[in-house]
Amino acid sequence: MSVDRLLELLWEENPSRTARASLHSHVSRLRSRLDPEGDGRFGVQLAHTDGGYLIQVDREQVDAHRFRLLVDRAVKLTDHEERARLIRQALALWRGPILLDVASDRLRERVGAELMELRSTAAETMFEAELACGRHQDIVGELTSWVAEFPFRERLVASLMLALYRSGRHTESLIVYERTRDRLRDSLGLDPCPELQRLHGRILRHDIDLSAAAPPVSEPRNPPRQLPTHTPRFVGRTEELRQLTALLDTTTRSGDPVVISAVNGTAGIGKTALALHWAHHVADWFPDGQLYVNLRGFDPTGTPVQPAEAIRGFLDAFAVPPERIPVNLDAQAALYRSLLAVRRVLVVLDNARDVDQVRPLLPGSASCRVVITSRNQLSSLVTQEGARPITLDVLDADEAGALLVSRLGHNRVTAEPDVVAELIDHCARLPLALAIVAARGALNPGVPLRVLADELRDEQVRLDALDAGDPTTSVRTVFSWSYQHLSTSAARTFCLLGVHPGPDISLPAVASLAGVELRAARAAVDELTRAHLVTQRSPGRFAFHDLLRAYAAEQAHTQHTDTERHSAAHRVLDHYLHTAHAAALLLHPRWYREPLAAPQPGVTLENLADLGQSLAWFETEYPVLLAVTKLAVATGHDHAWQLPWTLVEFFERRGHWHDWVATHATALATARRHQDQRGQAHAHSGLGRAYPWLGRRDEAHAHFRQALSLFEQLGDLAGQADTHLDCGWMLGHHDLYEQALHHAQRALTLSQNAGYRHGQAHALNNLGWYHALIGDHQQALTHCEQSLAGCRKLGDRRGEAYALDSLAFAHYHLGHHQQAIAYYHQALTLERELGDHYGEATVLTHLGETYHATTDWDAARAAWQQALAILDQLGHNMRASRGYPTADQIRIKLASLDQPT
């Protein structure tokens, strides 16, 4: 430590003129105390260094260091007994306030604040470990002292409450909470933390789970936590919650393969609220994660989530690489069940339409639990899978009153008890209707509740608003209350959101839909969120309840003309198309040469700066892009073929083969219906590229022929060139090199005639590649070097990677092994940066062959093992061919290394 720092600490930043001399005297006396013989026999030495002093001492001899070491060791243990013992040993090193007899308060705070915080945290951890060991009665007195010393440490308060509760001192436990709550409010103006509030609620309910010891401490992980936010003011449903929780105990003992709770009831009855409230309550029972999906079974748009889409989302949540995900639904479901077989996971399937929609989503593990909500009873799920049905009825009068109190406040509700009873009666105790009434009252605190009751008094209006017979319109009038109190801009935004197909929407898309600036869109959405007319599903993304979406769509038709709705749809389609086009250009510039019409005025685009942002945007918006493609089909826009066209590169990278085919088939049908030749050409081209990945070569070839014919009729030379390149690529995979060479030469000629530089660069590489495959390696070098120069000049990194691989392949066959290795390493770096896994495996395979030719067996084995790992994950149906490796081919190569020479 420097002399200046010592002076600053000891003299409170105001040293006297004699402070340095005094410091030197202090150090001399200290040295004689620490090392009286000057030989360091006590393991402590204090030495003078340039500008300061150095003390050398074994850390175990310093109580502060020993304290940290013991605590660090303790928190890494999974054994609660040993953890508590080590922390007690650490805390025993404290003999009172830190540096009490040697320092001022200011100095103690500066050098000891971190240690004092660590002491309190260690004590919290120790008491939690003691509770896990079942010593609740033994620690009540000690905990009481700690809470008295640190009344605002809510973890300590929670441990004391739990210790008292487990010791049979229920009332005292509640008193501790009330004192803490009052102290926090009076001193800090805060409420207790959510965890402490939840514990208080569980104690009030005599939650049976509180009697059990805490689960063992698990290793740090990042399991999926997909549960949406649940209402913090949930009331009622005590019996249903008890039934759900009881299943955790009884079914664990019975060893049932999987436990399914089917929560059913009419629209607005609170099925989702119950399921999510309970799921959050028991989340700690499922340390391996909680999965959630809204299956949109009764979505007004009529587009329920397909099982394959839901499973794909779950596999993504567990970070399964897309190339490992199988093509067909049965294989995907098997992979999903395998992942959950060794995990304790809670699965919430919300808003299911029927049994067929949920069956593929059921895990088979006894360690997992599934909660399903549906407007249907799902009776065959009860019969065949043994699901436990829970049917929700309306709230009782007390629960309905508690719901209003939670939203409007105790004073306001109790001030008009007769009016409140009338409101509850008019709302038929339906949670959704009550919640909307409460929202209107909360947004208009000056309006008496009598006014709300009077508006519901008319029987015809009340039946129209609250009749549960028609779930899509039964609360129309109640929704209108919130809608009519919106500002003009928020009301317009709400209506136009009914044009959007969902499942959710970003803020820039809202701005485009409304044709306003981002700031205005944010203000409107904030107002809608406060009015509970939209929900923020995740930061910056908003969603509708399905009934609200139906109401918004209805308002859009009554409040806006066909022209206004058509313009809104056009703007939001432009938002997705132009953003997707910009993102696609960053992924691979060759495929997206087609110019787009300028976006409509008022369209706000996403700003995507690089490859990573583009991929992230595609990942987030993927379900929306599929949905808006259907919107484009319905509205008859060119977007119906242009949107799938912009998704081609993402489809290929992420292995979405079936979505690729489905969107392009729809695009083709739409383009034919509108006699749009260009749209048909691109749809045929996209299908030609997709089908080979599904092992359907003949269909691919037929679509390529159709695409070529249409591009020829259009006089589109670049379109013809791209199609020839794709057709050649497919033929090359089937070892038809002479035919592939013909297509590459034709693509080059067409690209040159069109001035299509990306097409020329790729055609040159393909020419070189096919020349190499037929044995003309010198000619291959000539073409591929030209391709490499062209791609680098254009900034086409994908094309550059292809050309480097082709050059290396040719050099290898000419015996130029070191040049080949150098080119392969450059190609490998690019393929990894681009995230092209099949390209990476191809380069690794060729690199291994080159190492093998130089008798570097270890390097060859390493390259082939990496290639094999990738190919095993990909699992596509592309046939094996020369130059295009498969996993089985690599296994043969690896086996050959182990054979005697």
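Each residue of the sequence shown is one higher than the last, beginning at 1277 in our numbering.
Just so you know, even glycine gets a beta-carbon here, dropped at the ideal spot from N, CA and C.
Anticipated Cβ contact below 8 angstroms, residue i with residue j, distance rounded
i, j, result
"Leu1353", "Arg1344", "About 16 angstroms; that fails the 8 angstroms criterion."
"Tyr2032", "Ala2086", "The pair is not a contact, with the Cβ atoms about 25 angstroms apart (cut-off 8 angstroms)."
"Ala2037", "Asp2081", "At roughly 14 angstroms, the Cβ-Cβ gap does not stay under 8 angstroms, so Ala2037 and Asp2081 are not in contact."
"His1776", "Val1848", "6 angstroms"
"Trp1917", "Thr1946", "7 angstroms"
"Leu2040", "Leu2017", "Not confirmed; about 12 angstroms, so no contact."
"Gln1273", "Gln1502", "Residue 1273 is absent from the structure shown; the chain starts at 1277 and stops at 2177."
"Leu1923", "Ala1856", "7 angstroms"
"Thr1911", "His1851", "Contact flag wrong, Cβ pair sits at about 14 angstroms."
Beta carbon of residue i nearer than 8 angstroms to that of residue j
i, j, result
"Gln2015", "Leu2007", "yes"
"Leu1783", "Leu1772", "no"
"Gly1964", "Trp1921", "no"
"Leu1605", "Pro1639", "no"
"Val1670", "Leu1706", "yes"
"Gly1955", "Ala1943", "yes"
"Ala2077", "Leu2057", "no"
"Arg1588", "Gln1608", "yes"
"Ala1766", "Leu1804", "yes"
"Val1900", "Pro1815", "no"
"His1854", "Leu1872", "yes"
"Val1347", "Ala1398", "yes"
"Ala1933", "Ala1966", "For the record, residue 1933 in the displayed sequence is Trp; it is not Ala. Yes, the Cβ-Cβ distance between Trp1933 and Ala1966 is below 8 angstroms."
"Ser1435", "Leu1419", "yes"
"Val1801", "Phe1818", "yes"
8 angstroms Cβ shell around residue i - same chain, five flanking residues per side excluded
i, result
"Leu1902", "Asp1935 and Thr1939"
"Leu2170", "Arg2137, Trp2140, Gln2141 and Leu2144"
Identity of the residues DSSP links to residue i by a beta bridge
i, result
"Val1909", "The partner list for Val1909 (beta bridge, DSSP) is empty, contrary to what the question assumes."
"Asn2223", "No answer is possible for residue 2223: it lies beyond the span of the chain, which begins at 1277 and ends at 2177."
"Tyr2088", "BP columns for Tyr2088 are empty, so no partner."
"Asn1540", "Ser1650 and Thr1667"
"Gly1328", "Ser1278 and Thr1325"
"Ser1961", "Note: Ser1961 sits in no beta bridge, so no partner."
"Ile1781", "Phe1818"
"Arg1501", "Gln1566"
Terminal residues of the alpha helix (DSSP H) in which residue i lies
i, result
"Arg1335", "Arg1335 -> no alpha helix (DSSP H), and no H or E assigned at all."
"Ser1298", "Ala1295 to Leu1310"
"Asp1935", "Trp1933 to Arg1949"
"Val1695", "Pro1693 to His1702"
"Ala2098", "His2093 to Leu2110"
"Gln1582", "Here Gln1582 belongs to no alpha helix (DSSP H), and DSSP marks it neither H nor E."
"Arg2137", "Trp2133 to Leu2150"
"Ser1443", "From DSSP, Ser1443 is part of no alpha helix (DSSP H); its letter is neither H nor E."
"Arg1930", "Val1924 to Arg1930"
"Thr1839", "Asp1838 to Leu1863"
"Glu2014", "Tyr2013 to Ala2030"
"Ser1614", "Leu1605 to Ala1617"
"Phe1987", "Arg1973 to Leu1990"
"Asn2041", "Arg2033 to Leu2049"
"Gln1996", "Leu1993 to His2009"
Terminal residues of the beta strand (DSSP E) in which residue i lies
i, result
"Phe1818", "Arg1817 to Ala1819"
"Leu1322", "Val1320 to Thr1325"
"Ile1648", "Arg1645 to Ser1650"
"Pro1665", "Arg1664 to Thr1667"
"Arg1478", "Note, Arg1478: premise wrong, no beta strand (DSSP E); alpha helix (DSSP H) at Pro1470 to Leu1480."
"Arg1813", "Thr1811 to Ser1814"
Own chain, CB closer than 7 angstroms to residue i, minus 5 neighbours either side, in chain order
i, result
"Met1277", "Gly1328 and Tyr1329"
"Val1631", "Leu1654, Ser1656 and Leu1657"
"Gln2149", "Pro1597, Glu1599 and Arg1600"
"Gln1519", "Ile1666"
"Val1696", "Gly1677, Leu1680, Val1689 and Leu1725"
"Ala1584", "Leu1605 and Gln1608"
"Ala2135", "Tyr2127"
"Ser1494", "Because the pLDDT at Ser1494 is just 32, under 50, the model does not fix this residue reliably, and the value given afterwards should be weighed accordingly. Excluding sequence neighbours, Ser1494 sits near Pro1563."
Cβ neighbours of residue i in the same chain (closer than 6 angstroms, five flanking residues each side left out)
i, result
"Leu1283", "Pro1291 and Ala1295"
"Glu1357", "Cys1409"
Chain B within 8 angstroms of residue i, Cβ atoms only
i, result
"Leu1367", "Included in the structure is just one protein chain, with no chain B present."
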